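Here's the structure we're looking at; comments come further down.
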Amino acid sequence: MTSPLEQKIRITGPSVVTANRTWDGAVVYRTTGRDWSTDLADAAVVRAVPDARALLAESVADDVGAVGAYIAPVEIGDGGKPAPGNLREHIRATGVTIALAVQA
Amino acid sequence: MYAYDEIDRTLIHERVSEFRDQVKRRLSGELTEDEFKMLRLQNGVYLQLHAYMFRVAIPYGTLSSKQLRRLAHVARRYDRGYGHFTTRQNIQFNWIKLAELPDALADLADVGIHSMQTSGNNTRNVTSDQWAGVAPGELEDPRIWSEILRQYTTLHPEFSFLPRKFKFAITASAHDRAAIKIHDIGLRLYKNEQGETGFEVLVGGGLGRTPFIAKTIRPFVHGRDLLSYVEAIMRVYNQYGRRDNIYKARIKILVHELGIEKFAQEVEEEWQQIRDGDLRLDDATIEDIRSRFTYPVYEKLPHMPDELRKAAHDPLFERWRKNSVFPHKAQGYSIVTISLKPVGGPPGDASAEQMDALADLADKYSFGEIRVGHEQNLALPHVARRDLPALWQALHRIGLATPNVNLVSDIIACPGLDYCSLANARSIPIAQELTRRFANHDTADLIGRLHINISGCINACGHHHVGHIGILGVEKNGEEFYQITIGGRADEQAALGTLIGPSVPFHEVADVVEDIVEAYLALRTTPDELFIDTVQRLGVEPFRERVYATR
Chain A
1 MTSPLEQKIR
11 ITGPSVVTAN
21 RTWDGAVVYR
31 TTGRDWSTDL
41 ADAAVVRAVP
51 DARALLAESV
61 ADDVGAVGAY
71 IAPVEIGDGG
81 KPAPGNLREH
91 IRATGVTIAL
101 AVQA
Chain B
105 MYAYDEIDRT
115 LIHERVSEFR
125 DQVKRRLSGE
135 LTEDEFKMLR
145 LQNGVYLQLH
155 AYMFRVAIPY
165 GTLSSKQLRR
175 LAHVARRYDR
185 GYGHFTTRQN
195 IQFNWIKLAE
205 LPDALADLAD
215 VGIHSMQTSG
225 NNTRNVTSDQ
235 WAGVAPGELE
245 DPRIWSEILR
255 QYTTLHPEFS
265 FLPRKFKFAI
275 TASAHDRAAI
285 KIHDIGLRLY
295 KNEQGETGFE
305 VLVGGGLGRT
315 PFIAKTIRPF
325 VHGRDLLSYV
335 EAIMRVYNQY
345 GRRDNIYKAR
355 IKILVHELGI
365 EKFAQEVEEE
375 WQQIRDGDLR
385 LDDATIEDIR
395 SRFTYPVYEK
405 LPHMPDELRK
415 AAHDPLFERW
425 RKNSVFPHKA
435 QGYSIVTISL
445 KPVGGPPGDA
455 SAEQMDALAD
465 LADKYSFGEI
475 RVGHEQNLAL
485 PHVARRDLPA
495 LWQALHRIGL
505 ATPNVNLVSD
515 IIACPGLDYC
525 SLANARSIPI
535 AQELTRRFAN
545 HDTADLIGRL
555 HINISGCINA
565 CGHHHVGHIG
575 ILGVEKNGEE
585 FYQITIGGRA
595 DEQAALGTLI
605 GPSVPFHEVA
615 DVVEDIVEAY
625 LALRTTPDEL
635 FIDTVQRLGV
645 EPFRERVYAT
655 R
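Going down the list, the sequences are from chains A and B. So the first sequence is numbered by this note's numbering: it starts at 1 and just counts up by one. So the second sequence is numbered by this note's numbering: it starts at 105 and just counts up by one.
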């Protein structure tokens, strides 16, 4: 499988790096503090390919902390905080769009 | 039920210990994800959108009440209180934590359940007719042969690194409930003119990006030769199957590219080398497997007991009985299908409480046995007909008496974009909306048998190609769109559906399906003409016209 670092990076706007936390699979975002957060609001936002590449490289290097890191689009709201940039990321950030068989 | 022997029990427990060590090494960083990925996949552990997903095998769809209770326990203790029954007689848990997986596996191993080979490029769970052993007219219980194949394929060293995944399905009935024609190898058990048990062997079926209906490679293979013939097929596939392109790696592509005659010739040459070797099954081996299946001792009961006669006055009971209760090989007994398709619910999901309660009902009414079908429903295979009214009331109390089996709201759907990292579009909300549109049972009865299948991407886990109405989610400029096919079927007359026209957006799918159904009701010649027969008679054009006339 091609490493995410070997893939061509294209971004069309503000982006973040997201992955799944290794021990439990939870959705996480790479922060400016070189760590992971389950809150998208904490994510480091990049707008240029070199910055995205660097953030992704740093994220992929933390193989124990999280797996499957990739660049995801975000939208920046009025408060300057990132919000999911597409349906897939919206579902990852906020959960399934259906009622579960058993409510949490 | 089949009783595992000491070898199987040891194997399953050793596998848990092995995986526990692998998980420990992964979490410590000793194993990288690249190194670990194949190991977790071989134990049925995927990484999905929100969490790890854990797929557990239910070989040939047979579960004991004890095993079902243990699945409920895993759902409750390690997941979010529910499980999802799939189209291949597996159950999936969607929120499992990697760190807790070894404990979940150990709990399952205690009751003889495992997740070996529920993923990865190896032989997957061997599936069969969920009515195996109880269907009237069945020639022989196909699970005996399924179990022989399960033992043969489990951790088979030569076939642990195939070009791609490999799926078997077996039926022994004239009506195919196991969808054998959409499997890599499909086996139809029958007896030849000499009265010998054997199989029509079909090969190269499959859905996904490039769908094919399986072709008959050999009209009759004697039962004693089953393993050697299967091995010959898999050797040819293992040698010539493509490894350079994941989309062209399944055996269906090899069969298509070589042609069935050339493929069969290659298999025949291989088979002649090995057919009289160690893989030849002797009667003692087959009987040993057969003897490990236990069957209920049925009472001699009337076909129409008083309890059933009285309950027939209740129209709600009768509606459920008509759609959920099926003939059994033993007089006085029935097979009861339990719909996991409640109005507004995700198809195939069951809560831990429902699983526990159903296990109790299985103990009370079905000799402690439950079956899992590829339609994402469950079944109680041995219910005395006198107990049907009491069972219905008990099922009703736990939300499992939806009277829609084989009707329009009995929808097969993959998890789709709500869970799956491969999906392009959501499946479950489409299914939920359709069940609401067709919630009126009188309307559903009027429509009759109609199978809707929904997949959230081209990988086709919802088997959309073989739905009477198939719905495939695609992504267009960031939006969810859906292609609609009609005329597919997964039974003994298996066929791929035909696309009716351009894809439609998310919010129009239910309207389109309603249009198709209304067109069918107007076009059918008699109330007995099923939707699939009308499509076969008229083709897709009248339906296309109806759907797109105003779009």
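Glycine included, every Cβ here is placed at the ideal spot set by N, Cα and C. Remember, predicted model here, so these are calculated numbers, not experimental data.
Check: Residues within the segment 149-163 of chain B neighbouring chain A, beta-carbon criterion of under 9 Å; Outcome: Leu151, Gln152, Leu153, His154, Ala155, Tyr156 and Met157
Check: Proximity winner among B:Tyr182, B:Ile337 and B:Gly165, relative to Phe158 of chain B (alpha-carbon distances); Outcome: B:Tyr182
Check: Which listed residue (B:Thr191, B:Ala466 and B:Asp112) has its alpha carbon closest to that of Tyr256 of chain B; Outcome: B:Asp112
Check: Closest by C-alpha distance to Ile9 of chain A, when choosing among A:Gly85, A:Asp51, A:Asn86 and A:Gly79; Outcome: A:Asp51
Check: Residue range of the beta strand (DSSP E) that includes Leu484 of chain B; Outcome: Leu482 to Ala488
Check: Contact under 8 Å by Cβ, Pro246 of chain B with Ala276 of chain B; Outcome: yes
Check: Of the residues B:Ala529, B:His417, B:Ser219 and B:Leu143, the one placed nearest Cys561 of chain B, counting alpha carbons only; Outcome: B:Ala529
Check: Counterpart residues of Phe76 of chain B in DSSP-defined beta bridges; Outcome: Absent from the model: residue 76 of chain B. The displayed extent of chain B is 105 to 655, so no value can be given.
Check: Through-space distance from Thr166 of chain B to Tyr402 of chain B, alpha-carbon basis; Outcome: 19 Å
Check: Runs of alpha helix (DSSP H) lying entirely within the segment 63-103 of chain A, each at least 4 residues, in chain order; Outcome: 87-94
Check: Validate contact between the segment 489-506 of chain B and the segment 229-246 of chain B using beta carbons, cut 8 Å, 3 pairs; Outcome: no
Check: Proximity of His567 of chain B and Ile590 of chain B at Cβ, strictly below 8 Å; Outcome: no
Check: 8 Å Cβ shell around Leu266 of chain B - same chain, five flanking residues per side excluded; Outcome: Asn225, Asn226, Thr227, Met338, Tyr341, Asn342 and Gly345
Check: Secondary structure of Val613 of chain B, DSSP reduced to three states; Outcome: helix
Check: Inter-residue spacing [alpha-carbon to alpha-carbon] between Leu362 of chain B and Leu603 of chain B; Outcome: 27 Å
Check: Contact belief for Leu554 of chain B with Val512 of chain B at Cβ below 8 Å, rounded distance in angstroms; Outcome: 5 Å
Check: Residue from B:Gly436, B:Gly448 and B:Pro450 with nearest C-alpha to Ser470 of chain B; Outcome: B:Gly436
Check: Proximal residues of chain D, C-beta to C-beta of Val67 of chain A below 7 Å; Outcome: Reference to chain D is not applicable here, since the protein chains of this structure are A and B.
Check: Gln597 of chain B, buried or exposed, once every other Cβ within 10 Å from all chains shown has been counted against 16; Outcome: exposed
Check: Leu253 of chain B beta carbon less than 8 Å from that of Phe272 of chain B; Outcome: yes
Check: Beta-carbon proximity check, Ile98 of chain A vs Gln196 of chain B, cutoff 8 Å; Outcome: no
Check: Outcome for Ser395 of chain B when other beta-carbon atoms lying within 10 angstroms are tallied against a minimum of 16; Outcome: exposed
Check: For Ala543 of chain B, the three-state DSSP class (helix, strand or coil); Outcome: coil
Check: Of the residues B:Glu422, B:Gly592, B:Pro519 and B:Ile620, the one placed nearest Gly577 of chain B, counting alpha carbons only; Outcome: B:Pro519
Check: Integer Cβ distance of Val127 of chain B from Leu202 of chain B, believed to fall under 8 Å; Outcome: 6 Å
Check: Candidates B:Arg281, B:Asn581 and B:Gly312, of which the one nearest His478 of chain B by Cα; Outcome: B:Arg281
Check: Buried or exposed (CB count within 10 angstroms, at least 16 for buried), Lys404 of chain B; Outcome: exposed
Check: Alpha-carbon to alpha-carbon, Phe263 of chain B and Val64 of chain A; Outcome: 31 Å
Check: Chain B residues whose Cβ lies nearer than 8 Å to that of Leu5 of chain A; Outcome: None at all; the shortest Cβ gap to chain B is about 13 Å.
Check: Residue-chain proximity (Val28 of chain A, chain B), Cβ-Cβ < 8 Å; Outcome: no
Check: When B:Val476, B:Phe421 and B:Ser219 are compared against Ser169 of chain B, the one with the closest alpha-carbon; Outcome: B:Val476
Check: Glu479 of chain B: first and last residue of the uninterrupted beta strand (DSSP E) it sits in; Outcome: It is not in any beta strand (DSSP E) - Glu479 of chain B carries neither H nor E in the DSSP assignment.
Check: Under the three-state DSSP convention, the category Asn557 of chain B falls into; Outcome: strand
Check: Coil, strand or helix - Asp125 of chain B by DSSP; Outcome: helix
Check: Enclosing beta strand (DSSP E) for Asp453 of chain B [first to last residue]; Outcome: Asp453 to Ser455
Check: Between the CA atoms of Thr506 of chain B and Met105 of chain B - distance to the nearest angstrom; Outcome: 27 Å
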